[in-house]
Structure formats: C-alpha cells, structure tokens
C-alpha cells in the first residue's frame, strides 16, 4: 500500500512485512486488504504458524530489536538480532495460537540500540480459517456437506441437439439441516462447477445467498456442453473457493447426465481396469491402464489410425490433455487396446478422467471423433518422495561441509519447464527457525529424459546457522507459467505440489541413542573372512508394532548394504536378527565393516544406534614406499629422475580396489612446489604398484632431505597411513653438453673459434633444456670477453625477473637473437682474445643468483678477421651483358665481379698475368674492369691479399672477332628458298646467317620503331652460323637481324618478301583451240587442243591433271592469282581436269569435264518430198 511521504523529523517508514502465503492479489481494493487463508496460517507450517519475512534494513546491527504487531497492541513476534542475522532477511513465524478469524492491521517496528523505534508500512489483512463446506466426513469420493440439484428432465432424458441451446441450470444447496447452501458459506465464495471437466465459475455469493435467503444457480451454457462432448454419462460436480482462496476439502458427489448432441459419433472407449466407470488406483498398483476401442462401427476400416485422448485435471487442478501413441486398425471387427501410463492416471487421483479417441481415415474421408467416457478415479495419489541429503550419515550432517548435495527422487510427473523450490527448514538449538530463500531449480529436458534423481547443491554456509539443531528437507513443484495461465485463478493458486518431508537430520554429531548391534562371529574386533554368513542383531527391545528397523552393513570394500523389516505384534518388543550373506564378509577381506541400525518409530521419530566397527580377516600391514629411481633407498640422483619419478608401493593385505595416495614431502622451508600428492591409484591387480609422481619436486630439494609416504583406503574405511621413507636428493651434476653456445661460432656453436668478422646482423644463442626444467624457473645468461681497446667486456643477456622459462623451452632448447646493440659490441671484441658464455638456472624458482644451479661455461677464441676465399661471381661485357662461365664475347672490355672478406683486397690474374687489384666493399663485393683483351681464351682467378691468400676458382671466357651479322637464307615450311622480293604461302619461315662466334642476334620484322621482334638466335661457338624459325602473318614482310653484341646498333641486310594466303586452286575456264570458244563443264568438242584457266595463290604453282595424268604446271600471276595452261593432242574421249596446289597443304580444285569426239565429214543420204514424205 502507498504511505504518504513523512515530513519533519519523522523517520522513513520501513517496507511492509513480507507474508509469502498471503493471497496472490488483494481481496479488496478500497482499502487494499490481503487474504490469509488456512493453508498459509496453519497448513504449511502446522507447528510454527504463519511464515513472515522482514529486513534487511539500513545499518542493521547486532542488538537491533524487531517487534511484529498483529492488530492493535498485539505483539506476536519479539526478536533481537544476533551476529549471524546482520544484513540478512529474517524468517519469522506468527504462532498458530495468535491467528484468529477477522480483519487485522499488521506492521512491525525496529528499535536500534539507543534510538527511537522505526515503524514499517501497515498492511490490512483478513484472516479466514474456516473452509467452505467444513470438514468432509465422507471417506469416499464426494463432500459430505455439499448438495447439488439438476433439473429432473435433464437427469432422466439427457441433452440432445434439440435442447442443448437451452443449457442447464444447476442449483447449489440448500443443506436440509441448516437451510444454508453449505456449511461455512460466506459472502464472496465462488462456486466452481465441473461439467465433464470443463470448469464453470459462478459469480461471488451475495450475503443473502450465503445466508440461504436467495438461491444459488449456476448456468451451464451450450458452448460448455459442446466443449465437454457427448457421453452416456457426463460427470457434473462442484467445489467452492472463498475470498481468501480457501478451497473445499473435496468436490461434491458427482451426478451423471447423458449427452447425445451428435448421435453419429462412434461409441466411447472403455478403460479395461475401471469397474462401472470407477478406476481404483490402489487396485491398479504399478500397472498401466488399458484403453479399449471397440472396432464395430462399419465406418472404421483396416489401416485407419486410432489416437486415444486422455483429459482431466490433477488433484491440484492442473489441466491434463494428452494423446497416446497412435495405433493402426489391423482387424475389423476387433477390440484395439492402447496403454495409458500409470503415472498419468495417478496424477488424476480423486478426480475424473475423460477418455475418447479419434480415427484418422486412410482413404482421406473426414476423421471420426468418438463419444467420451467419464471415469471417476479413486485411491490415493502418490506424494512426491522426500528429498535426501547425500552426505547425511546416521541421520546427521557435518556442519563443516563445504556443500550439501540434496537428491530429489525422480517422479514420472516431472516435465521440462517445471520448477523445484527446495525448502531448507532448519531449527536452531534455541528453537528459532532458519529458512533461507534458496535458488529455484528449473527442470531441464535432459533431466526428464534421464529419469535419474535430480541433485541440488546447497552451500555449506547454510549449515553453520543451525549447528547443533535439526534440518527438515522438502520441496514444492511449480508448474510453468503457461500452464497456470490456462487455469482458473482458484486452481492456479493451488497448482503447487509439495513433497513429503524428510525425517529431521541432526546438524553435528549423530545422536546415537541406541546400543550398537551385535555381529555374530566377531572376536577381538576381527571377523574371519571365510565365515559362511552371519547375523547382525538388534538387541534393543523397546519397540512396538509398526516400528520399522533398518540395518546398515558398510564394508570398506563392498560399500553399503541395507535391509529393513516392519515390526508386527509378533516381532515387536523382541530382538531382531538380520542375515548377512557370505559375500558381504569375504568381499571385505583385509578391510573393515561398520555395522549399525536405526529405528523409524510408529510416531515418526527416528533413533540411530552406535556403530560396531571391526576388521575382516587379515589387517593391512603397510611398509614404507620406495622410489624406483633411487635403488639404494637412500640417495636420489635428480638426473636419474629427469624423465619420471616413480613411487613403488607394496604391503601385506593388499586387495583389489584398494585406493593408494602417495605423498612426496619436501625439505622444511621449501616452497609448495617442493611437495606433491599423487592422484589416487586404484589397485587393479595385486602386487607392487607403480605410482607416478611429478619430478618437478626435485628441483626444490637438491642437496636436501625429503620423505615419501602413502595412505591406503580400503572400501569406505578410513585411510591407513604408511611409514615414511627418508631420502636425500643429490645436487644436479651437468656435463659439457649443457653449456650454452652461440650458433654463429665454429662447429655450429661448439667452437673453439668465434669469427666475429663473419657476423652480419644476428647473434643467436642456444641454451639447452635441462633435467627437471619447469615453468617459471628464472635464468641468467652472461657474456664475458675483451674489447678491441683492451677493456673488459661483461654483459647480462638474461637475468630475473624478466627472464624465465616458458612452455616452448621445456620441450626444446631455447634459442634467442641478442639485441643489435650487443651484436655490434661482440663484433668489436679483440682478435685472439677469450670469450665466455655463462648460464645459470634457478630450478627452485629462486631469483637469487647465488642459489641458482651453475651450468658448464663455454669458452671461445675471437677471430676478428674473416679468412674468406674470394670468388668471381660474374663477368659482363661493356654494355652489361653477362658472359656465362666458359662463354664467348666479341667485346675486348670485360668487367669481373666477386666476393671477398669485407674491406679486403684481391688481385686478379689472367693465367699468370696480373690484371690489377680490387677492394671489397662493406658488403664483401668487389669489381674490376679490364680492357683490350686479345681474341683468345682467357682464364681469370682472384687471389686474396689477406689471411692465408686463398685463391678463387677459375672463371673462363673467350674473346672472339667482332663481325657484322648477316641474313643469308630464308626457307619456307617445305624447305624452299624464298628469295628477295619472293612470294610464299608459308607462314613458318626458317632464317639463317652469320654472326660473331657464340654471340646473339635478334630477328625483327618491320621497319624502324614499328619493327616487331621475332626472337633471338645464338651463333655457333665455332662457325658463327645462326638460324631461327619464325612465324609470320600474310602480307609484305621486311626481315633483318640486329647484333646484340656490338656497342652500337648494328644490323644485317634486309630480306623483303610477301606471304600470301594459301587459297585452293580453281579451274574457271576451258577454251577449245584454235576456235578459242568456251567449252562448258560437261560439254563436247571436236577440238583436240584446249586452254585451261583458273586461280591459285598469287605467284604459286599448280599442277594440272587429266584424270591421274599430269598435263603440266602453271604459275599464278603475282598480282591477280590467275593461271593459264594449254593442253594438246587430246584423245577422242571423256576428260576430267583438276588443278593441284604445289604449295600449302596441296589442295585440289573441283574437276572440270568435257568430251572430245572425232571430226567426221558430213554426208547426204535421203531426200523426201513434203508433205507427202515420199523419197
């Protein structure tokens, strides 16, 4: 509620008291009033009362006092804050005896030490502890104090399509004895009618209706009737909720109404286990239900698919609507049986279920919807099982546990999206309550699929406040919001399932109030391992019928085994003997057993016995461990353990599944890394056990004494410690191979010489990885030597804290490029002086150089001048063209280039004749230009004028005579010369000519800057001949060779020619001679001579054939491409002429034919008159 802002010095109001169980929304708006019902006041915590919460408030301190006022002047809670409650939300309870029906103003005040009281906001509440309908005295279904009346015609004749539109009026009450509608009727009550599982809430009761002065009539409309569906007996009942959300203890007795709106629907299914439409869950047990579908309707055929649907509501009112897996119809007629899970049926205990089915037609015709069967479900619903504390031992929890694992037994009603709210109800030794608000646990799909207990972890901080007290565990199961939105507000409030509560757990030592059991055969704390079974005897006899005795046999190797018996009138008040099988004894041979029992009394109290602990067979006799790498059991050489460190464990009484834990304890004062406890080793095979230890512990203990020990855990018995093995870890001794080096020194760094003159820009150090190397070991790397001036040189390359081993160094030697400044310093060291590389490592992690391990020192002799063999790397002529080794040049000027020691001189010789000296630059490169070389072969060498005067390998070349290049021959693809001004059809030409021996020429086609290079040819080394095959396009070509060896542009003579297209020849004309008359193709002539004409590639020849006989050749005009050929002495016969190209691919023309006939003299053989036609 809203409170006006305070003025003046009025303290700010504390926020109102938090009452978790109050109504979900105000029951009155003006003023705002909240409801407190029976469940909140007395049901949730029957012995404690109404749960309330307050705080924390600002500057909350020990000694602050809180008082809760319930109505005017009624103090119902008076509390002083202790140290464990500062800045915490306080859990408070209003005692049950202080809670009465009626309206109350609720608030609290906080009084800090030495200050005035600070009030909270005021909350108006209405407490109503009477339940609508009062106590239900009828043990069966139906409330004994509820009365309901339906119209007689409706009950007798039912509802059909003709009267469904009228709906049904249902009259509630009156009670014949009192005249009121029902016991405890009150204004604001809401009657909730269930018509076949469809809920119809009535309007809140008026005062007249509550007093019985006005009737209570609930109208069920057509839509509700149709939604519930057709049935031979639709179940109708009602329950009542009052304004503070109290709910009646049961529904009214149901009445059945026949509904047949759609008479074409198939008959309703049956539930096989239901008798007269009543399902008894107690008789059903754990079995699934079986829906029976009578396949009698001729509209249902083989192959149709039947889906059974189950509707209803849980006891709490959560709606259920589930479809079973579909089944096909395999026979007609038949009875199709479909299973319904037991867990689903039990969720509808003390309620109704509605059974129906749908038929999906295989032939595509409309589906069929069956009538509904209404079945009452009686028997007890299975409560959610109580949670268990996994760490509980004999009904007690250790208050020092870091956490407690609370196990929620899986229930088939769990669904993904539901939420588990765990209640941690603690009672302190002063009987005050500790009830923290723990995080909710949403149920996941994975947990539903696994169907395993759900574990919720509770921090151990919630144990300390109740140390010495007790703890009760239970939980509530909340439905997801979507489910609640589908429910009416009354059922939504109660849609919370609460589990059974656990037996109280002691926080602290178990309360072992009963004597220990007696185990037959145990003598002097030992039970022989071969005992053929025994008895665990509870000798305590103060028991009564219905007490339950649980025995526990906790073997160190076999684990826990339990059994129980419920006492009857025959066994109560007597000792109880439990049989123990031989395997529970033999299985713990060499181990121990803890035997105990506890008693769950008929009145709910739980009592625990003391524990009887004894050995089974031979007791384990542990010997000190050994270290495999220390064979004398006294001295441990760290080099022997550089790869692995192994503990050897063997003892009398070893058994399979023993768990061994080895501990290596370093010398006193060593860092934590000097000690190590190995991972537990489970014995799989008897005999000496090898257990790996981390060898890094040795780095911390070199030259010191250490100890090795172990413990053995057999089953659940307490670990047994072994004697210790003392050892001395020897100092680390390293050979010369562990000396750091400079890779640029001789022999890949092994020395003995370091030639600084050979160093360019890089000096790379190489430091090995050593035995027991590990991360975070600090290192030192130091150079010492003499500078060229004679002064001492001393430089640290590595030193702490910046220099430390990394992961790469552990697996491979570490290499490092020293800074450029240090490289220059090294290059300035004195020639012939000594230079040392020193390395140290702090294997124990020390940064003190004095405590580090010193590695062997590497000593080099400095060489400051490089005795480098000269080399001649290049020879080139005066225009910069390289002369290959052994090559030829026509240039008498040659430049040699080579390498030598930097800044040093070489002398170049041609045979034995000196050609001069050259000096290498800072990069070691020298050059020498020689002129007027003779035409002859030359052999050059460069001799070092430093060091040992090494001489280079020979570089040879030949100087030849300088001539102008020539272009002598051009051949076509057929090898036919193409003369100056000639014509060819060949686009491939082979050019040849002369040049200076071994020199190159470049062939060009064209003129001036437009000329195109066609390639480069090299003249023969002896003859000077060159040749080059080129490809050209058709057209006029201008070809020439350019010298690539003259110092100025020099060319050969030009060869001009034309390349024409290689067109196929044709015969276009045949003229008789001497008449010069054209003879048509296929014509006849008496002339025996003819002139043939046609076309061909310009300037090219064709050969003319008469059939297969050559008649001669003709050359096509160079301009027009036309040719002519005269043939004589033609025989009187048919002729077929073709022209074959004597160029290109030898294409042939189309045939040209004609016939030559004999030239005979004419005769006159007949004269006839006309028109008589007479000779």
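In UniProt numbering, the protein residues as written are 1 to 1175. All residues carry an ideal CB built from backbone N, CA and C; glycine is no exception. These numbers were taken from a predicted model, which means no experiment stands behind them.
Looking only at 20, 26, 29 and 24, the smallest Cα-Cα distance to residue 49 is reached by 20. A residue is called buried once 16 or more other Cβ atoms fall within 10 Å of its Cβ, and residue 139, having fewer, is exposed. By the C-beta criterion, the region 251-269 is judged to be in contact with the region 369-382, since at least 3 inter-stretch pairs fall below 8 Å. Taking a C-beta distance under 8 Å as the contact criterion, residue 472 and residue 501 qualify as a contact pair.
Within the model, the alpha-carbon separation for residue 431 versus residue 622 is close to 49 Å. Burial state of residue 203 is exposed, judged by a 10 Å Cβ sphere holding fewer than 16 other Cβ atoms. In the DSSP assignment, residue 813 forms no beta bridge with any residue.
With respect to residue 507, residue 470 sits close: the two C-beta atoms are nearer than 8 Å. Below 8 Å, enough C-beta pairs join the region 773-791 and the region 836-844 to call them touching: three or more. Sequence-distant partners of residue 779 (beyond 5 residues in either direction) whose C-beta falls short of 6 Å from its own C-beta, in its chain, are 798, 803 and 841. Between the alpha carbons of residue 127 and residue 248 lies a distance of about 16 Å.
The Cβ neighbour count for residue 25, taken over all protein chains shown within 10 Å, is under 16; the residue is labelled exposed.
Under DSSP, residue 1093 shares a beta bridge with 1069 and 1124. In this structure, residue 134 sits away from residue 250, with a CB-CB distance that is not shorter than 8 Å. Distance between residue 585 and residue 603, taken at the CA atoms: about 35 Å. For residue 677, the CB contacts under 6 Å within the same chain, skipping 5 residues up- and downstream, are 663 in chain order. The C-beta of residue 219 has fewer than 16 other C-beta atoms within 10 Å across all chains shown, which makes the residue exposed. Annotated three-state conformation of residue 310 is strand, per DSSP. Per the DSSP secondary-structure output, residue 681 pairs in a beta bridge with 660. When 1094, 777 and 961 are compared, the shortest CA-CA separation from residue 1149 is found for 1094.
Taken in chain order, the complete alpha helix (DSSP H) segments of 4 residues or longer contained in the region 241-310 are 281-284. Contact annotation: residue 759 and residue 826 have beta-carbon atoms nearer than 8 Å. The beta carbons of residue 1005 and residue 1032 sit closer together than 8 Å.
Only residues of its own chain outside the window of five on either side were considered, and among them 939 have a CB closer than 7 Å to the CB of residue 911, listed in chain order. Secondary structure of residue 564 (DSSP, three-state): strand. A distance below 8 Å separates the beta carbons of residue 1136 and residue 1153. If you draw a straight line from the Cα of residue 881 to the Cα of residue 1062, it is about 42 Å long. The three-state secondary structure of residue 28, taken from DSSP, is strand. By the Cβ neighbour-count rule, residue 635 is exposed, with fewer than 16 other Cβ atoms within 10 Å of its own.
Residue range 887-889 is occupied by the beta strand (DSSP E) that includes residue 888. In terms of CA proximity to residue 83, 56 leads the group 106, 109, 69 and 56. The C-beta distance from residue 1034 to residue 1060 rounds to 6 Å, short enough to meet the 8 Å contact threshold. Within the same chain, and ignoring the five residues on either side of residue 713 in sequence, the residues whose Cβ sits closer than 6 Å to its Cβ are 659 and 719. Nearest C-alpha to residue 730 among 703, 479, 222 and 528: 703. Taking the CA atoms as reference points, residue 376 sits about 36 Å from residue 564.
Pairing residue 61 with residue 593, the inter-Cα distance amounts to about 50 Å.
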